[in-house]
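Numbering (the working numbering), first residue to last: 91 to 806.
Below, the structure is given as structure tokens:
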């Protein structure tokens, strides 16, 4: 045992520092490659690789810097060899790896919450780098290597400080101060009335126009600003224009807003797109190239140096240079730069004219877009990566209960990845349209509200009621007398979802009419199973108490009912047929127990009984009123979705952005209060001007040369 440990110790003494440096470099490269995959967040192995790389980059770089700084205190360090100086030159690169790439700063929202300690970490790491460079390089007397080390150390320190600032600004509590004084673009965005769809780049620019209100919504749910406040950047009028679009356009704009929010929370966007950030990115490639040249003059010829270590140093220098060029190009061609330039104060309008209105930024953006891997490899729009993948979960409680016929008390795992699917696939585009058209009808800024104001909801309806308004707006009140007594919406929200999910399943599977092919029925199933998925697998995305024990008790009760149903039958049917048979069994048992009180039905789960009761009441409607009833059930589920979206905590929405996003987050942004809603005042959306008309500028910032400014349509 002792000889083995001795050999391991000897091996680690010789190779440990090199291994940790190799791992730090590899983790840094993996972060660059896999960071974008988090926006969709559907691949477990990609998330696993990214998590491992994020942790490895922090741990290995910190360990290696500590090892370098402490080993430099030996007595023989007064005259370090060239090989020792070469290894010491790696210290600035380790600090650079700690600074991280531009496309990821935080893996989880909690990393932002712990941002203050980064200041202390920077100080500690800087001391380690200083001691390493002093003991090995400064005392070694090599001016060329010392100059290269200082250049790389200053560059690494700046990027490490950038990461700390980005983490600090990504804290939800700090967004209030960072959004104060944040000005919007002075460019006025016109909404076409020609019926032409909104492309991804147009939607992205619209999202930038409204982003400061989306950002404020993350720390304050009551986003109200005076309509005439200049700092609002015309936010209310812009909101009206956005909601005059068709639902697909609104959906795209909201997706883009959430992608911008992801940038602020989990990348360096907040610090990159500033004057200091652009300056650092302009300097970085030049500084890295200068450091590489200085290193070459020192390292040639390679006498007294390990060839493998020299090659690894050149690889780190080349990678740092290429990444610096990449971050510079991405920063200049980003829509964030367009927003930054068009939001400059009046005294800098000459810059807006020279870069944006002259078409230079547009040409640069098009060139970079044509070189994007999304376009070169897959032929996709480069901005499409910002859109929501549409992948989320569906969970049918009756179907899951019928997977186990043994009546076991153990509730199967509800890990979310088991139930992930494309919620609105190509076969359900009509469901997606129906849902978002219905949501749009409820919003007071939409055109639908102007033509049908009776369908609109106020924020009290959206945030405090999850079905009352749909029942209240039902056209035939006489048919709801008994139903209203049964549809008790006063329970906890997760209880209500459980009850209504069971009732909806019984109603859809037990009705005499063939409902399975109608788009309205598909929409009801999608919403019911989606909210049930949130109850089962992502309760943090729902408001109110987390009632896991009630969910498990209801699951077991339904499992017992299924066990009794299939005891005398074969269990070899599909899961779809099984859930329908369970629904029929619950329906038949309810008919048999009519007239019996709940106390007489010993041992029955109360939530299951409530769900059966809702389903039975819905089945009492006559066939000629079936369409009205389906509309009612759909409206109730839409109300629940809107309630869940607006009442979910901002932290949960922010966390889910790092895991691919969520439908409730999109609905939350759509239904958030407008930036300022003037009372007793209606703003009519303007349509696009004639083709030869120039974009209208902000009235306070006229400029004779800005009539050629870029129309959003040109950013492609």
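Cβ coordinates follow ideal geometry from the N, Cα and C atoms, glycine included. What you are looking at is a predicted structure, and each value in this text was computed from that prediction instead of being measured.
Integer Cβ distance of residue i from residue j, believed to fall under 8 Å
i           : j           : result
residue 185 : residue 250 : 6 Å
residue 199 : residue 745 : 5 Å
residue 742 : residue 630 : 5 Å
residue 172 : residue 395 : 6 Å
residue 621 : residue 730 : 6 Å
residue 139 : residue 113 : Contact doesn't hold; Cβ gap of about 14 Å is too wide.
residue 625 : residue 650 : Their Cβ separation, rounded to whole angstroms, is 20 Å, which puts residue 625 and residue 650 out of contact at 8 Å.
residue 489 : residue 638 : About 20 Å; that fails the 8 Å criterion.
residue 294 : residue 425 : 5 Å
residue 354 : residue 343 : Between residue 343 and residue 354 the Cβ distance is about 17 Å, and since that is not below 8 Å, they are no contact.
residue 609 : residue 521 : 6 Å
residue 674 : residue 600 : 6 Å
Residues sharing a beta bridge with residue i, DSSP
i           : result
residue 512 : 481
Residue i (DSSP reduced to helix, strand or coil)
i           : result
residue 289 : coil
residue 798 : Caution applies to residue 798, whose pLDDT of 42 falls short of 50 and renders its modelled position unreliable; the value that the coordinates give is listed next. Of the three classes helix, strand and coil, the one that applies to residue 798 here is helix, per DSSP.
residue 193 : coil
residue 493 : coil
residue 486 : coil
residue 523 : helix
residue 769 : With a pLDDT of 39 at residue 769, under the threshold of 50, the predicted position of this residue should be treated as unreliable, though the coordinate-derived value follows. Coil, per DSSP.
residue 755 : helix
residue 472 : helix
residue 127 : helix
residue 237 : helix
residue 750 : coil
residue 581 : coil
residue 108 : helix
residue 152 : helix
residue 436 : helix
residue 95  : helix
residue 133 : coil
residue 826 : For the chain, the structure presents residues 91 to 806; residue 826 sits outside this window and is missing.
residue 595 : helix
residue 182 : helix
residue 423 : helix
residue 308 : coil
residue 602 : coil
residue 147 : helix
residue 161 : helix
residue 609 : helix
residue 255 : helix
residue 561 : helix
Residue i beta carbon near the ligand MG (any heavy atom closer than 6 Å)
i           : result
residue 502 : Questions concerning the ligand MG fall outside what the structure shown contains, since it holds no ligand whatsoever.
Beta carbon proximity, residue i to chain B, threshold 7 Å
i           : result
residue 528 : Given the protein chain composition of this structure (a single chain), no chain B is represented.
Review point. What are the uninterrupted segments assigned as alpha helix (DSSP H) that are 4 or more residues long and contained completely in the segment 328-411, given in chain order?
Key: 337-356, 359-362 and 365-389
Check your understanding: Is it true that the segment 608-625 meets the segment 454-464, where meeting means three or more beta-carbon pairs spaced less than 8 Å apart?
Key -> no
Check your understanding: Counting Cβ pairs, one atom from each stretch, are 3 or more of them under 8 Å apart for the segment 640-649 and the segment 739-755?
Key -> no
Exercise for review: May I ask you to verify whether the segment 692-708 touches the segment 586-600, counting CB pairs closer than 8 Å and requiring at least 3?
Suggested key: yes
Practice item. Please confirm if the segment 146-159 is in contact with the segment 170-184, defined as three or more CB-CB distances below 8 Å between the two stretches. Key: yes
Point to revise | Uninterrupted beta strand (DSSP E) stretches inside the segment 615-644 (no shorter than 3 residues) | key: none
Point to revise | Meets three-Cβ-pair contact criterion under 8 Å: the segment 676-685 and the segment 704-724 | key: Contact holds: three or more Cβ-Cβ distances are below 8 Å.
Practice item. Would you check if the segment 553-562 and the segment 718-732 touch, i.e. whether three or more CB-CB distances between them fall below 8 Å? Key: yes
Check your understanding: Using 8 Å as the Cβ pair cut-off and three pairs as the minimum, do the segment 96-109 and the segment 117-133 touch?
Key -> no
Exercise for review: Kindly confirm or deny that the segment 357-370 and the segment 545-552 touch, where touching means at least three C-beta pairs closer than 8 Å.
Suggested key: no
**Study point:** beta strand (DSSP E) runs contained entirely in the segment 200-244, provided each spans 3 or more residues
**Key:** none
Review point. Is the segment 237-248 close to the segment 373-390, with three or more CB pairs under 8 Å?
Key: yes
Exercise for review: Could you tell me whether the segment 346-363 touches the segment 471-479, where touching means 3 or more Cβ pairs closer than 8 Å?
Suggested key: yes
Exercise for review: Pick out the complete alpha helix (DSSP H) segments inside the segment 666-738, 4 residues or longer, and give them in chain order.
Suggested key: 696-709 and 716-737
Exercise for review: Report yes or no: do three or more beta-carbon pairs, one from the segment 352-360 and one from the segment 204-215, lie closer than 8 Å?
Suggested key: no
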